[in-house]
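Following: one structure in structure tokens, then a few remarks.
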Amino acid sequence: MELGQNHTPVTRFILLGLTDHPDEKQLLFAIFLLIYSMTLVGNLGMIDMIRASSTLHTPMYFFLSVLSFLDICNSSVFTPRLLISFLSTDQTISFAGCVTQMALMTLHGTGECLLLAIMAYDRFVAICHPLLYHIIMSKRLCVQLVMVTYVMGVFIAALQTGNAFILPYCGPNVIDHYSCDIPPVLQLACSDTTVANIILLFFSALVTVPTISVILVSYAYILVTIYKMRSLEAQRKAFSTCASHLAALSLFYVPVFLVYVQPNPESSSASNKILSVFYTIVIPMLNPLVYSLRNKDVKAAVQLRVLNFSRQGIC
Numbered sequence: 002m003e004l005g006q007n008h009t010p011v012t013r014f015i016l017l018g019l020t021d022h023p024d025e026k027q028l029l030f031a032i033f034l035l036i037y038s039m040t041l042v043g044n045l046g047m048i049d050m051i052r053a054s055s056t057l058h059t060p061m062y063f064f065l066s067v068l069s070f071l072d073i074c075n076s077s078v079f080t081p082r083l084l085i086s087f088l089s090t091d092q093t094i095s096f097a098g099c100v101t102q103m104a105l106m107t108l109h110g111t112g113e114c115l116l117l118a119i120m121a122y123d124r125f126v127a128i129c130h131p132l133l134y135h136i137i138m139s140k141r142l143c144v145q146l147v148m149v150t151y152v153m154g155v156f157i158a159a160l161q162t163g164n165a166f167i168l169p170y171c172g173p174n175v176i177d178h179y180s181c182d183i184p185p186v187l188q189l190a191c192s193d194t195t196v197a198n199i200i201l202l203f204f205s206a207l208v209t210v211p212t213i214s215v216i217l218v219s220y221a222y223i224l225v226t227i228y229k230m231r232s233l234e235a236q237r238k239a240f241s242t243c244a245s246h247l248a249a250l251s252l253f254y255v256p257v258f259l260v261y262v263q264p265n266p267e268s269s270s271a272s273n274k275i276l277s278v279f280y281t282i283v284i285p286m287l288n289p290l291v292y293s294l295r296n297k298d299v300k301a302a303v304q305l306r307v308l309n310f311s312r313q314g315i316c
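Structure, rendered in structure tokens:
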């Protein structure tokens, strides 16, 4: 559809959300409120624990604290508004609000992809080259890698958001999603979206394919190194930890690939809504559990932190 004189530019969008059934809304409100609460408690607790414990001042935990910060930001972009939508009949979002939400979503999503690849490389160096670990993963390099992550995130977010909103929007204004995600927004454009979809596919693949390649290669080397261990108990624990990491990575990357890295990302909007829940809401809750539950250093730091709080309470 071409933008003509009889069409008024859209100033507000309507987000349909996850469901329009009142009974389901009440149940989903309780579920997502619990998930969001666990996300905030888990990730803020992880950041505080890493900051307070000197034994956790290592590259791995530095990256983990940055991941927790990204997860808090990413979840907070979507979940509060989603919770409000379950209680309110007003589902509208302003044009500027939609632009902002899309930009923040892309920024944090890109940052998380890059950071997960960096963390996998960090584990590869620590396990496969332990004697060179502190030389390779210096404090300066760690800070530089995080800065590159944010710079790339801002660049991709500006490019992808600009790619979507450079198109004219003159109605309809109903987005079949709970957020201003790129594919459902492009469906509403009043002009041909072929070029926009190609740009979306290209840059989505540019972010996801190299990062998942780094992750898979790193974990392949890690698994080979673990296999060569003489202790069966050490092998079992290491394989169990890697399995939990890879399971969490799969829950993040598989939905991202299915939503963005496909020839026609505007199709299957109903299923895309459900897939988006995993990498925007569920994974931020799971990450602090996955990366800390089996870690003895984290368990010791938690016990020490709880003991310190108990002493302060007694005093």
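To convert a position in the sequence shown, counted from 1, into my numbering, add 1.
No residue lacks a Cβ here, since even glycine has one placed at the ideal position from N, Cα and C.
Treat the numbers as computed from the prediction; the structure is a model and nothing was measured.
Distance between residue j and residue i (C-alpha atoms, nearest Å)
i	j	result
Cys129	Phe279	31 Å
Arg299	Met103	It is Val, not Arg, that sits at residue 299 in the sequence shown. Distance between the alpha carbons of Val299 and Met103 is about 34 Å.
Leu34	Leu84	7 Å
Asn288	Ser192	40 Å
Gly172	Ala190	8 Å
Asn164	Thr93	22 Å
Gln27	Lys274	18 Å
Phe204	Leu117	18 Å
Ala127	Ile136	11 Å
Val255	Gly46	28 Å
Tyr220	Leu16	39 Å
Val147	Val67	8 Å
Val11	Cys143	44 Å
Tyr292	Thr101	30 Å
Leu207	Leu201	10 Å
Leu233	Val225	14 Å
Leu53	Tyr62	What sits at residue 53 in the sequence shown is Ala, not Leu. So the alpha carbons of these two residues sit roughly 12 Å apart.
Asp21	Phe166	27 Å
Lys238	Ile157	38 Å
Leu57	Ile48	11 Å
Lys229	Val42	38 Å
Gly154	Arg231	42 Å
Pro185	Val218	33 Å
Pro60	Cys74	21 Å
Ala249	Val215	16 Å
Met286	Ser245	14 Å
Phe240	Ile176	43 Å
Ser55	Leu305	11 Å
Phe125	Tyr170	47 Å
Gln236	Ser95	53 Å
Ile227	Met50	28 Å
Val262	Tyr134	34 Å
Pro131	Met138	11 Å
Ser38	Ser272	25 Å
Where the alpha helix (DSSP H) containing residue i begins and where it ends
i	result
Ile183	183-187
Asn288	284-291
Ser180	Premise fails: Ser180 is in no alpha helix (DSSP H) and is neither H nor E.
Tyr228	195-228
Tyr280	Unbroken run through Tyr280: none, as it is neither H nor E.
His135	134-137
Residue burial classification, residue i (beta-carbon count within 10 angstroms, cutoff 16)
i	result
Pro81	exposed
Asp91	exposed
Ala121	buried
Phe79	buried
Leu71	buried
Leu105	buried
Ala197	buried
Thr107	buried
Gln161	buried
Ile370	Limits of the chain in this structure are 2 at one end and 316 at the other, which puts residue 370 out of reach.
Thr195	exposed
Ser277	buried
Val149	exposed
Leu187	buried
Asp180	Residue identity differs from the one stated: residue 180 is Ser in this sequence, not Asp. Classification for Ser180: buried.
Asp24	exposed
Ile119	buried
Rounded Cβ spacing between residue i and residue j (contact assumed at less than 8 Å)
i	j	result
Thr209	Cys114	6 Å
Ile223	Cys243	6 Å
Asn44	Ser77	Going by Cβ atoms, the distance from Asn44 to Ser77 rounds to 10 Å, so no, they are not a contact pair.
Leu29	Phe87	6 Å
Leu247	Val283	Contact flag wrong, Cβ pair sits at about 16 Å.
Asn174	Phe14	5 Å
Tyr151	Gly110	Not a contact, Cβ separation roughly 13 Å.
| field | In chain order, each alpha helix (DSSP H) run of at least 4 residues that lies wholly inside the segment 11-98 | value | 23-53, 60-88
| What residue ranges within the segment 231-262 form continuous alpha helix (DSSP H) runs of no fewer than 4 residues, ordered along the chain? | 233-261
| What residue ranges within the segment 143-183 form continuous alpha helix (DSSP H) runs of no fewer than 4 residues, ordered along the chain? | none
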